[in-house]
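Colleague:
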Amino acid sequence: SELPPTITLLHLARVHLREARELGPRLLERPRWNMCDLVSCGLKREDLRSDLKAEAFEREMAACAYRKHIRVAISCLRSILGLSRTASDSVPAELNLITRCLLVETLLRETKESREISESIQQGLSIARQRDSFAPLKFMLLELQVLTDVRDGKVPFRQIKKQLERCIEMTLKNGSVDPKHVVWYYRFQLLLSHIAYERVKDFPIALSAIRNVLDVARSRNDKELWIAVKTREIRLAMDRSQWILSGDLFKSILAIVELPTEPEANEGSLTWVKEELQLEKRVAIGQQLKVYIMLLLTLYYSITGVSKSAKWWLKNLQEAMDESEQMEIKIEGVYKVYLQSSDCLTRQRRLSMITPVKSGFCSAPIVDSPFTKLFEEVDLQGARAPSELTNSTSTQYISISTMPRDFIRTFIYILGIAVYFDGHGKSPKALQYALEGVERIDRQLTLGLQLLNKEQKNVSTDFRLDEIMSLEFMQLSLDRLLDIKIEAILMMSQLAIIRSDFQGADQLLVNAIRLARGQGRWKSLSARISLIKGMLSHATVNMVPARKSLLAAIFISSSPKMVDCGQISLASDVSILAKASYVLARLSDEHYLDCDTELEAGRLLQLDRLTKELAAAVKDSLPNLDMSIQLVLALRCGEIVRAKQHLTVALNDANKTSNTHLKTILLGLLSSMFLNTRNDQAFKMLHSCFKLAIGFNSGKFNSQAGLFNLVGHANLGLWAGRKLLGEHFSF
Numbered sequence: 004s005e006l007p008p009t010i011t012l013l014h015l016a017r018v019h020l021r022e023a024r025e026l027g028p029r030l031l032e033r034p035r036w037n038m039c040d041l042v043s044c045g046l047k048r049e050d051l052r053s054d055l056k057a058e059a060f061e062r063e064m065a066a067c068a069y070r071k072h073i074r075v076a077i078s079c080l081r082s083i084l085g086l087s088r089t090a091s092d093s094v095p096a097e098l099n100l101i102t103r104c105l106l107v108e109t110l111l112r113e114t115k116e117s118r119e120i121s122e123s124i125q126q127g128l129s130i131a132r133q134r135d136s137f138a139p140l141k142f143m144l145l146e147l148q149v150l151t152d153v154r155d156g157k158v159p160f161r162q163i164k165k166q167l168e169r170c171i172e173m174t175l176k177n178g179s180v181d182p183k184h185v186v187w188y189y190r191f192q193l194l195l196s197h198i199a200y201e202r203v204k205d206f207p208i209a210l211s212a213i214r215n216v217l218d219v220a221r222s223r224n225d226k227e228l229w230i231a232v233k234t235r236e237i238r239l240a241m242d243r244s245q246w247i248l249s250g251d252l253f254k255s256i257l258a259i260v261e262l263p264t265e266p267e268a269n270e271g272s273l274t275w276v277k278e279e280l281q282l283e284k285r286v287a288i289g290q291q292l293k294v295y296i297m298l299l300l301t302l303y304y305s306i307t308g309v310s311k312s313a314k315w316w317l318k319n320l321q322e323a324m325d326e327s328e329q330m331e332i333k334i335e336g337v338y339k340v341y342l343q344s345s346d347c348l349t350r351q352r353r354l355s356m357i358t359p360v361k362s363g364f365c366s367a368p369i370v371d372s373p374f375t376k377l378f379e380e381v382d383l384q385g386a387r388a389p390s391e392l393t394n395s396t397s398t399q400y401i402s403i404s405t406m407p408r409d410f411i412r413t414f415i416y417i418l419g420i421a422v423y424f425d426g427h428g429k430s431p432k433a434l435q436y437a438l439e440g441v442e443r444i445d446r447q448l449t450l451g452l453q454l455l456n457k458e459q460k461n462v463s464t465d466f467r468l469d470e471i472m473s474l475e476f477m478q479l480s481l482d483r484l485l486d487i488k489i490e491a492i493l494m495m496s497q498l499a500i501i502r503s504d505f506q507g508a509d510q511l512l513v514n515a516i517r518l519a520r521g522q523g524r525w526k527s528l529s530a531r532i533s534l535i536k537g538m539l540s541h542a543t544v545n546m547v548p549a550r551k552s553l554l555a556a557i558f559i560s561s562s563p564k565m566v567d568c569g570q571i572s573l574a575s576d577v578s579i580l581a582k583a584s585y586v587l588a589r590l591s592d593e594h595y596l597d598c599d600t601e602l603e604a605g606r607l608l609q610l611d612r613l614t615k616e617l618a619a620a621v622k623d624s625l626p627n628l629d630m631s632i633q634l635v636l637a638l639r640c641g642e643i644v645r646a647k648q649h650l651t652v653a654l655n656d657a658n659k660t661s662n663t664h665l666k667t668i669l670l671g672l673l674s675s676m677f678l679n680t681r682n683d684q685a686f687k688m689l690h691s692c693f694k695l696a697i698g699f700n701s702g703k704f705n706s707q708a709g710l711f712n713l714v715g716h717a718n719l720g721l722w723a724g725r726k727l728l729g730e731h732f733s734f
């Protein structure tokens with residue numbers, strides 16, 4: 004017997020949507036003629052297409068095919084709805100609602116048909132309210148309505164918040180969460196948190212919604228969901244630079260999750276006791292969630308300056324990634340969290356990491372990342388398979404779209420730069436991570452993400468698209484790859500300054516400026532680039548450009564524009580470093596002591612004001628900032644005893660964070676202070692300073708006439724050498 008026309012049309016729509024999705028990776032490949040702006044190293048010539056005309060024709064045909072598949076899919080879905088209005092045998096209401104959900108999702112993602120979207124949602128809601136069994140589809144339409152308003156951009160957040168609050172109320176029964184609709188309660192709360200934080204930066208509302216989810220998950224014993232949402236809370240705390248709160252939240256997760264344990268607690272590392280959720284045993288979580296927690300831990304330790312713990316977790320993160328890459332995952336980046344997961348369901352989820360399982364009823368298209376803007380894409384997805392649209396609660400789950408493994412591996416490179424951010428030695432690890440990371444990013448920017456390009460032979464039987472493979476998601480992933488590349492280039496420029504490769508640092512900085520301005524990132528990166536430019540000018544003794552660049556960094560980082568960009572914590576850090584660098588630049592200026600004019604007297608007052616602002620920031624600053632502030636305070640305090648105390652604190656922070664460059668500077672300053680009181684200690688410190696300075700050798704001058712660069716760091720090496728020579732002739 005023949006299939007009903009509605010089923011045939013729905014199948015055709017799904018086929019064409021899948022065909023369009025499979026064209027996405029090809030459309031995102033960068034044309035050969037447009038690669039010169041991004042490719043810097045490591046790309047083999049055979050990887051690039053030689054026939055430009057053939058390539059242009061192929062891309063044009065792929066774009067036409069993509070649009071054709073989308074148009075045909077939309078026409079099929081519209082035809083089903085047309086049959087429901089004209090045929091004598093009406094289309095079943097459930098099929099009508101499923102079709103409307105898929106049509107609205109496709110229109111929302113691929114077109115700007117806001118009027119048709121609104122009409123289809125309203126008609127679908129009127130049908131869904133007729134029977135209680137249609138509640139999941141009703142909630143899905145309500146969610147699509149919220150996402151439509153978010154995409155519109157003209158609807159105020161207050162109205163969107165009221166819509167979500169009404170949706171949340173529909174999931175309640177007698178003041179508590181209805182077990183039949185608990186998945187939708189979670190989804191609406193987390194969607195509210197995401198929109199509140201990412202759109203209007205309303206941190207209290209975002210945090211309140213997250214904690215509502217945590218409370219319900221704890222009362223229902225949804226352990227794995229509690230852990231996953233807890234990572235969201237950690238991410239918000241880290242974005243707000245609330246490091247004490249972040250540490251406490253990490254302790255609550257580490258107490259119940261099966262993760263590697265540090266062999267010995269390092270100074271500043273987290274210690275915990277098993278107290279959360281009163282569990283008798285630790286919760287087994289999937290490899291994707293485990294990798295994300297380890298990534299956050301590595302980032303946390305790196306920022307807070309616990310160098311040993313950061314290196315230990317980075318090593319375990321790389322090992323966990325090696326294990327993860329050996330697993331076969333059906334949809335790359337999708338992680339299922341089962342609710343009320345018994346041991347049986349936990350084992351089922353573990354097997355699903357290796358054996359493909361039936362996809363669930365996916366959610367609306369991804370609007371943006373609820374977890375973070377930098378390295379992860381997360382969206383709550385569907386609750387159950389289409390064959391289980393009843394109110395059964397036995398197989399409810401939430402799918403979390405995480406970062407693809409190929410993308411995580413790329414981010415680990417920039418994380419390695421931050422963890423090993425030290426330019427000392429012949430071949431610093433940070434520089435190796437940077438070079439390999441930029442090479443990998445160039446390949447991905449030109450050839451696409453490897454795991455996203457894989458053909459999926461096992462065709463899913465779900466009714467809706469796999470969000471992770473959408474063209475919008477892949478474009479967002481490539482945009483974030485470019486962000487990571489700019490970050491790596493800026494850090495490489497800083498390493499080049501430390502290693503006295505000033506020409507290389509200037510070239511890298513010019514490259515970063517070109518990418519930032521050409522790709523629309525200048526607004527958020529201008530303060531940091533100005534700071535690095537000031538440091539480079541200071542290192543090359545170009546004091547006037549140095550002061551101008553540092554003043555620009557101070558001004559930009561203190562402006563409301565940085566708040567609008569969502570760079571609050573970054574702007575604060577850049578402001579502190581720019582102020583400290585400006586004071587040091589003024590102190591090193593040979594005209595600084597000439598205070599005969601009123602202008603110089605005003606500059607002295609300006610330095611006093613900046614010094615007081617830096618002193619006030621010591622209490623809340625992290626070790627990476629604290630040691631820079633302590634250095635400025637030591638040079639400005641005017642008392643030898645207090646100066647020694649400031650330098651000692653800075654030296655302890657430098658040892659803790661493995662900052663060899665600052666350690667070299669501090670040893671040189673301490674040797675000068677101990678010169679007339681403890682000559683033996685002063686000589687040892689000065690000798691150590693010189694030996695460390697030699698280690699900052701970029702190797703740029705070794706090949707000239709067979710000479711070896713005995714200076715290393717240009718300024719420190721020459722200064723320490725002159726001091727040692729003076730000490731030698733004084734004996």
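Our numbering numbers the first residue of the sequence shown as 4 and each following residue consecutively. Each residue gets a CB set at the ideal place from its N, CA and C atoms; glycine is no exception. This one's a predicted model, so the numbers in the text were calculated from it and none came from an experiment.
1. Could you tell me the distance, in whole angstroms, from the CA atom of R214 to the CA atom of V232?
2. So V337 is in the beta strand (DSSP E); what residue range does that whole segment cover?
3. Could you compute how far the alpha carbon of L669 sits from the alpha carbon of A646?
4. Taking its Cβ as the centre, do 16 or more other Cβ atoms sit within 10 Å of F699, making it buried, or is it exposed?
5. What whole-angstrom Cβ distance do L320 and T301 have, given they're in contact under 8 Å?
6. Hey, how far is the Cα of R387 from the Cα of Q166?
7. Could you tell me whether any Cβ in chain D is nearer than 8 Å to the Cβ of E227?
8. Take the Cβ of H14 as the centre, count every other Cβ of all protein chains shown within 10 Å, and call the residue buried at 16 or more, exposed below.
9. Report the option in L590, C640 and I579 whose CA atom is closest to the CA atom of S624.
10. Classify E22 as helix, strand or coil using the three-state DSSP reduction.
11. Report yes if the CB atom of S123 is closer than 8 Å to the CB atom of R103, and no otherwise.
12. Between P139 and S631, what straight-line distance do the alpha-carbon atoms span, to the nearest angstrom?
13. Tell me, to the nearest whole angstrom, how far the beta carbon of L30 is from that of A65; I am working on the premise that it is less than 8 Å.
14. Alpha carbon to alpha carbon, how far is D509 from L485?
15. Pull up the CB-CB distance for W187 and F137, whole angstroms please, since I reckon it's below 8 Å.
16. Below 8 Å on the Cβ atoms is my contact criterion, and I expect E146 with R202 to pass it. Report the Cβ-Cβ distance as a whole number of Å.
17. Roughly how many angstroms separate the alpha carbons of K1 and S310, rounded to a whole number?
18. Where do the ends of the beta strand (DSSP E) carrying I403 lie?
19. Can you check which of these residues, T109, I489, A433 and G426, is closest to L448 by C-alpha distance?
20. Could you pull out every residue in the same chain whose Cβ sits closer than 7 Å to the Cβ of H649, ignoring the five residues on either side in sequence?
21. I need the DSSP call for V203, collapsed to helix, strand or coil.
22. Residue range of the alpha helix (DSSP H) that S310 falls in?
23. Please name the residue or residues paired with K176 in a DSSP beta bridge.
24. For A588, which residues from the same chain have a beta carbon less than 8 Å from its beta carbon, with the 5 sequence-adjacent residues on both sides left out?
25. Evaluate D152 with the Cβ neighbour count: other Cβ atoms within 10 Å of its Cβ, from every protein chain shown; 16 or more gives buried, anything less gives exposed.
26. When you compare only the Cα positions, how much space is there between I10 and Q399?
27. Taking only the alpha-carbon atoms, compute the straight-line gap between P263 and A323 and give it to the nearest angstrom.
28. For L749 versus L239, is the C-beta distance shorter than 8 Å?
29. Counting only the same chain and skipping the five closest in sequence on each side, list residues whose C-beta sits under 6 Å from that of K429.
30. Using three-state DSSP, classify L260 as helix, strand or coil.
31. If you follow the alpha helix (DSSP H) that L106 is in, where does it begin and where does it stop?
32. Apply the 10 Å Cβ neighbour rule to K726 and answer buried if 16 or more other Cβ atoms are within range, or exposed otherwise.
33. Based on Cα-Cα distance, which residue from A581, V544, R502 and I500 lies nearest to S529?
34. Does N177 pass the burial test, meaning 16 or more other C-beta atoms within 10 Å, or should it be called exposed?
35. Apply the 10 Å Cβ neighbour rule to G523 and answer buried if 16 or more other Cβ atoms are within range, or exposed otherwise.
Modeller: Straight from the coordinates:
1. For the purposes of this step, residue 214 is taken as residue 211 along the sequence shown, with counting starting at 1. For the purposes of this step, residue 232 is taken as residue 229 along the sequence shown, with counting starting at 1. The alpha-carbon atoms of R214 and V232 are separated by roughly 9 Å.
2. As a first step, residue 337 must be located in the sequence shown, where it is residue number 334. Here the beta strand (DSSP E) through V337 covers V337 to Y341.
3. The sequence position of residue 669 within the sequence shown is 666, counting from 1. The sequence position of residue 646 within the sequence shown is 643, counting from 1. If I take the Cα positions, the gap works out to 11 Å.
4. Taking the first residue of the sequence shown as 1, we reach residue 699 at position 696. By the beta-carbon neighbour count (other beta carbons within 10 angstroms, threshold 16), F699 is buried.
5. Indexing the sequence shown from 1 puts residue 320 at position 317. Indexing the sequence shown from 1 puts residue 301 at position 298. The pair is a contact, with the Cβ atoms about 6 Å apart (cut-off 8 Å).
6. Along the sequence shown, read from residue 1 onward, the residue named residue 387 stands at position 384. Along the sequence shown, read from residue 1 onward, the residue named residue 166 stands at position 163. Residue placement at R387 is flagged as unreliable, the pLDDT there being 32, under the threshold of 50; the coordinate-derived value follows with that caveat. Between R387 and Q166, the C-alpha separation is close to 24 Å.
7. Absent from the structure: chain D. Only one protein chain is present.
8. For the purposes of this step, residue 14 is identified with residue 11 of the sequence shown, where counting begins at 1. Exposed, since its Cβ has fewer than 16 Cβ neighbours within 10 Å.
9. Taking the first residue of the sequence shown as position 1, residue 624 is located at position 621. Here the closest residue by C-alpha is I579.
10. Counting from 1 along the sequence shown, the entry for residue 22 is found at position 19. Three-state result, E22: helix.
11. As a working note, residue 123 is residue 120 in the sequence shown. As a working note, residue 103 is residue 100 in the sequence shown. Taking 8 Å as the Cβ cut-off, S123 and R103 qualify as a contacting pair.
12. For this step, residue 139 is matched to residue 136 along the sequence shown. For this step, residue 631 is matched to residue 628 along the sequence shown. In a straight line, the C-alpha of P139 is about 56 Å away from that of S631.
13. Counting from one through the sequence shown, the residue named residue 30 turns up at place 27. Counting from one through the sequence shown, the residue named residue 65 turns up at place 62. A Cβ-Cβ distance of about 6 Å is found for the pair L30 and A65, placing them in contact under the 8 Å criterion.
14. Residue mapping note: residue 509 aligns to position 506 of the sequence shown, counting from 1. Residue mapping note: residue 485 aligns to position 482 of the sequence shown, counting from 1. Straight-line Cα distance between these residues: approximately 20 Å.
15. Translated into the one-based positions of the sequence shown, residue 187 becomes position 184. Translated into the one-based positions of the sequence shown, residue 137 becomes position 134. Contact doesn't hold; Cβ gap of about 13 Å is too wide.
16. Here residue 146 is taken as the residue at index 143 of the sequence shown, counted from 1. Here residue 202 is taken as the residue at index 199 of the sequence shown, counted from 1. The Cβ separation is near 16 Å, so there is no contact.
17. Residue 1 is absent from the model: the chain starts at 4 and stops at 734.
18. By one-based count along the sequence shown, residue 403 stands at place 400. Following the DSSP letters along the chain, one finds I403 inside the beta strand (DSSP E) bounded by residues Y400 to S404.
19. In the sequence shown, residue 448 corresponds to position 445, counting from 1. Ranking T109, I489, A433 and G426 by Cα distance to L448 puts I489 first.
20. Here residue 649 refers to the residue found at position 646 when the sequence shown is read from its first residue. The answer, listed in chain order, is Q633, L636, A637 and C640.
21. If you number the sequence shown from 1, residue 203 lands on position 200. In the displayed model, V203 falls within a helix according to three-state DSSP.
22. On the sequence shown, residue 310 is found 307 positions in, with the first residue counted as 1. For S310, the enclosing alpha helix (DSSP H) has its first and last residue at S310 to E328.
23. Taking the first residue of the sequence shown as position 1, residue 176 is located at position 173. Answer is S179, bridged to K176.
24. In the sequence shown, residue 588 corresponds to position 585, counting from 1. Within the same chain, A588 has close Cβ partners G537, H541, M546, A549, R550 and L553.
25. For this step, residue 152 is matched to residue 149 along the sequence shown. Answer is buried; the Cβ neighbour count reaches 16.
26. Locating residue 10 in the sequence shown gives position 7, counting from the first residue. Locating residue 399 in the sequence shown gives position 396, counting from the first residue. For I10 and Q399, the distance between alpha carbons rounds to 26 Å.
27. Position 260 of the sequence shown, counting from 1, holds the residue named residue 263. Position 320 of the sequence shown, counting from 1, holds the residue named residue 323. Taking the straight line from one Cα to the other gives about 10 Å.
28. Limits of the chain in this structure are 4 at one end and 734 at the other, which puts residue 749 out of reach.
29. For the purposes of this step, residue 429 is taken as residue 426 along the sequence shown, with counting starting at 1. If we look at K429 and ignore the five residues flanking it on each side, it has no Cβ neighbours.
30. For the purposes of this step, residue 260 is taken as the residue at position 257 of the sequence shown. Reading the sequence as shown, one finds Val at residue 260 and not Leu. Strand.
31. Mapped onto the sequence shown, residue 106 falls at position 103. First-last of the alpha helix (DSSP H) with L106: A96 to E113.
32. By 1-based counting over the sequence shown, the position of residue 726 is 723. The residue is buried, with at least 16 neighbouring Cβ atoms inside 10 Å.
33. As a working mapping, residue 529 is identified with position 526 in the sequence shown. S529 has its Cα closest to that of A581, out of A581, V544, R502 and I500.
34. Within the sequence shown, the letter at position 174 stands for residue 177. In summary, N177 is exposed, with fewer than 16 beta-carbon neighbours lying within 10 Å of its beta-carbon over all protein chains present.
35. Taking the sequence shown and counting its residues from 1, the one referred to as residue 523 is at position 520. Classification for G523: exposed.
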